[in-house]
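The sequence shown begins at 335 in my numbering and counts up one residue at a time. Below is one structure, written out as structure tokens; the observations come after it.
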Amino acid sequence: MQLVIAEKPSVAQNIAAVLGANNRKNGYLEGNGYIISWCFGHLVELASPEAYNATWKQWSLETLPLVPDQWQYDVKESCAEQYNIIESLMNDNRVTETVCATDAGREGELIFRLVYDRIGCSKPIKRLWVSSMEESAIREGFDNLRPGEDYNNLYKAAVCRQQADWLVGINGTRLFTTLYCSPFVLNVGRITPATLAILVDRETAISNFTKEPFYTVHLITGDIDAISEKYKDKSDAEKVEADCKGASASISSLIKEEKIISPPKLYDMTTLQRDANRLFGYTAKQTLECTQSLYEKKLVTYPRTDSQYLSNDMGETATNVINAVLQYIMHEDPESVTPDISRVMNSEKVSDHHAIIPTMEITKFDMSTLPGTELKILFLIANRLMCATGEKHVYESVKVEISCGGHIFTALGKTIIKNGWKDFEERFRKDYKADKEEKEDEKSLPEISEGMIFDKTATKVVQGFTQPPKHFTEDSLLSAMERAGADEMDDDVERKGLGTTATRADIIEKLINGGFVVREKKQLLPTEIGIKLISILPEVVKSPKLTADWENKLVLVSKGEMKADVFMDGIVNMVNELIRDHSTVDEECKDFFARPQESIGICPKCGGNIISGKFGAYCQNKCGMNVGRVRGVSLSEAQVKSLLSGKKILVKGLKSKEKGTVYDAYFVPEGIEPYSYTSKDGKEITGFQFKIKIEFPERKQKKGGK
335 MQLVIAEKPS VAQNIAAVLG ANNRKNGYLE GNGYIISWCF GHLVELASPE AYNATWKQWS
395 LETLPLVPDQ WQYDVKESCA EQYNIIESLM NDNRVTETVC ATDAGREGEL IFRLVYDRIG
455 CSKPIKRLWV SSMEESAIRE GFDNLRPGED YNNLYKAAVC RQQADWLVGI NGTRLFTTLY
515 CSPFVLNVGR ITPATLAILV DRETAISNFT KEPFYTVHLI TGDIDAISEK YKDKSDAEKV
575 EADCKGASAS ISSLIKEEKI ISPPKLYDMT TLQRDANRLF GYTAKQTLEC TQSLYEKKLV
635 TYPRTDSQYL SNDMGETATN VINAVLQYIM HEDPESVTPD ISRVMNSEKV SDHHAIIPTM
695 EITKFDMSTL PGTELKILFL IANRLMCATG EKHVYESVKV EISCGGHIFT ALGKTIIKNG
755 WKDFEERFRK DYKADKEEKE DEKSLPEISE GMIFDKTATK VVQGFTQPPK HFTEDSLLSA
815 MERAGADEMD DDVERKGLGT TATRADIIEK LINGGFVVRE KKQLLPTEIG IKLISILPEV
875 VKSPKLTADW ENKLVLVSKG EMKADVFMDG IVNMVNELIR DHSTVDEECK DFFARPQESI
935 GICPKCGGNI ISGKFGAYCQ NKCGMNVGRV RGVSLSEAQV KSLLSGKKIL VKGLKSKEKG
995 TVYDAYFVPE GIEPYSYTSK DGKEITGFQF KIKIEFPERK QKKGGK
């Protein structure tokens, strides 16, 4: 009997329905020679620092670096019951082999293997590797189960990723949080600082940008608006305007070119996230979650892919899906379109999974039951398939140079010859009210010919301004993350960029949740804390090139082209050097991340700010004014505020020195006065304090009293 372990209950139920395992048990399904159970994501995770050494619980520089001699793992407390169920199933005498049916990728492999290894199971492993949850794909996958050892290197890469994140994250975070006495955690991970650095660099460029004016002269002849070169000085533009005003002009050059825009590629996860952000404002995480949900509903293929092609054997599948999209989503006759399937097929550019496309399940699924966000993502994926296999977009580009008064003016025109794949794109934008793209400046020009003369011309000077770089959106940041470090890497490097298609959304969310980045509508902006963090971090943890290099090495580990020990030795050495080279900081920099203290009032002696500190209120100028105590009574912040604003306060529980009785009284501020006393060690203590007048509350009369 085979024990099949899926990543989630919903996936396990899909597989069970296909295999006929319909007998429901506690934590698993059984039947037809199969037992099918599931994880809840990561059931087993790396142990916390204190599990290795009790002293590692305390955040201190003395304990760093934290590098375990032997890695330890714990069962996630919230998943202990399900882990115990899987353990009993793996030890069940009826089970002869296990099937790893977690997501077909690096993290899916890690989820299954950590459970398998912790339990100490030695039964053979088979691997289910599918790109769709459709019944046909699952059946085909089980007919072609692969040996588990084929994925040993993928598992090693996953373990390296996990342990590297632990080492860099825990050591880097504790180092800089402790070093700078930060009142909040300074998260320093393997990839997040490099991503934050991209945002901070852009913000710096925007802040340092100085807007400069420029001037152009427009020469208007009928329906043609030709423009001069740019001039820094307005007087130069005005001279050109004067030279040409009312003068005749002629077309000195006319260049016409037929240009082609090829169809876009199919979606991988990053390009899908970018389009969903640009068109609908969805965050990268929203798009990933929606696509994952569609995958589990069997409506799209595996989402966490970095490929934009289908394999060469998928021609019939692609044809059938396109016909289904036309009939069931676009409600058009499949005969009305002749798709070019060959353009989207290239096995050499397909890694673990092919591009994201819809499945044949769309022919029988009730689309009205889908949430609106998922429906838009599904139709976006379907539309991209139609665009990618559509006809080329062809247009004629026209460049006209007009000579007038000894000056040259240029006009650009564009005439559509064949709209091709853009028909699908434009229809989609209209149907789903997607955000419009920026309008192109080029428009169709009237019929003209070289040498044509215009007798009367009109001119005008137009002022423009140089534009700063744009703030990042998730669309443009995902693109920057994908390309990070690429210019400095060799062309044959397997994977470039920060993170993977599966992790980039989480990286962005971590930066936002940590308070280092904020979303303002579509824009992603670094916060003051984020900017400060990047300013103090060394290059080794914030360099996009170095961080992208780690991700590429993980790919080499997964292919068996680099030993896992070599990768981990590099990470450990980097952590050791980080601690060694950055374990001290100047005293004046230690409060770099201290929260700015708000003033609770103005000092009545020197006019400085009164600050609420750890031991009570005090004057920031340290002028000797005692605002925290009056007549031996410690005041609350609210009471200090009232006295500073000239209001009386009610103080309860005062004790008479003579009679020992307890009473309440109002303290009424009447300016300030000096004070002095001799301390126990004989020192003369002087300063200033509130001058107070005492008022007593009116006593309430008892009922029946006079």
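Glycine is no exception: its CB is placed at the ideal position from the N, C-alpha and C atoms.
Annotated three-state conformation of residue 940 is coil, per DSSP. Spanning the alpha carbons of residue 953 and residue 963 requires a straight line of approximately 13 Å. Secondary structure of residue 538 (DSSP, three-state): helix. Residue 559 is bridged by DSSP to 554. Every unbroken stretch of the beta strand (DSSP E) spanning 3 or more residues and falling wholly within the region 715-803 is given here in chain order: 727-738, 741-752, 792-799. DSSP lists no bridge partner for residue 411.
Positions of the alpha helix (DSSP H) runs, each at least 4 residues long and wholly inside the region 396-443, are given as 414-424 in order along the chain.
DSSP links residue 851 through a beta bridge to 860.
Secondary structure in the region 867-938: the beta strand (DSSP E) runs of 3 residues or longer, each lying completely within the stretch, are 933-936 in chain order. By the Cβ rule, the region 667-679 counts as touching the region 631-647, because three or more pairs are nearer than 8 Å.
A straight line joining the alpha-carbon of residue 1002 with that of residue 1027 spans about 5 Å. Boundaries for residue 463: no alpha helix (DSSP H) harbours it, and the DSSP string shows neither H nor E there. Taking all protein chains shown into account, residue 575 has 16 or more neighbouring C-beta atoms within 10 Å of its C-beta and is therefore buried.
DSSP places residue 683 within a helical segment (H, G or I) once states are collapsed to three. For residue 400 against residue 393, the beta-carbon gap comes to about 10 Å, at or over 8 Å, which does not count as contact. Taking the Cα positions, residue 471 is about 8 Å away from residue 465. Distance from the Cα of residue 487 is smallest, within the candidate group 778, 920, 896, 689, for 896. Beta bridge pairing from DSSP links residue 336 with 368, 431.
Counted as a single uninterrupted DSSP element, the alpha helix (DSSP H) harbouring residue 504 occupies residues 486-513. The beta-carbon separation of residue 496 and residue 380, rounded to 6 Å, stays under the 8 Å limit for a contact. Fewer than three beta-carbon pairs drawn from the region 558-568 and the region 748-759 are found closer than 8 Å, and the two stretches are therefore not classed as touching.
For residue 953, the uninterrupted beta strand (DSSP E) segment begins and ends at 950-953. Restricted to the region 960-1024, the alpha helix (DSSP H) segments that are unbroken, complete and at least 4 residues in length are 971-978, listed in chain order. Residues of the same chain with a CB within less than 8 Å of the CB of residue 872, apart from the 5 flanking positions on each side, are 912, 915, 916 in chain order. Each of 805, 977, 999 was checked against the Cα of residue 1005, and the nearest Cα belongs to 977.
Beta-carbon to beta-carbon, residue 999 and residue 974 are separated by about 17 Å, too far to satisfy the 8 Å threshold. For residue 583, the enclosing beta strand (DSSP E) starts and ends at 583-595. Looking at the DSSP output, residue 480 sits in a beta bridge with 461.
Contact between the region 830-839 and the region 852-864 is absent, with fewer than three C-beta pairs closer than 8 Å.
For residue 522, no beta strand (DSSP E) encloses it, and the DSSP letter there is neither H nor E.
Boundaries for residue 468: no alpha helix (DSSP H) harbours it, and the DSSP string shows neither H nor E there. Residue 945 sits in a strand when the DSSP states are folded into three classes. In the three-state DSSP reduction, residue 671 falls in the coil class, being neither helix nor strand.
In the three-state reduction of the DSSP assignment, residue 698 falls in the coil class. Taking one beta carbon from each stretch, the region 426-433 and the region 336-356 have 3 or more pairs nearer than 8 Å; the two touch.
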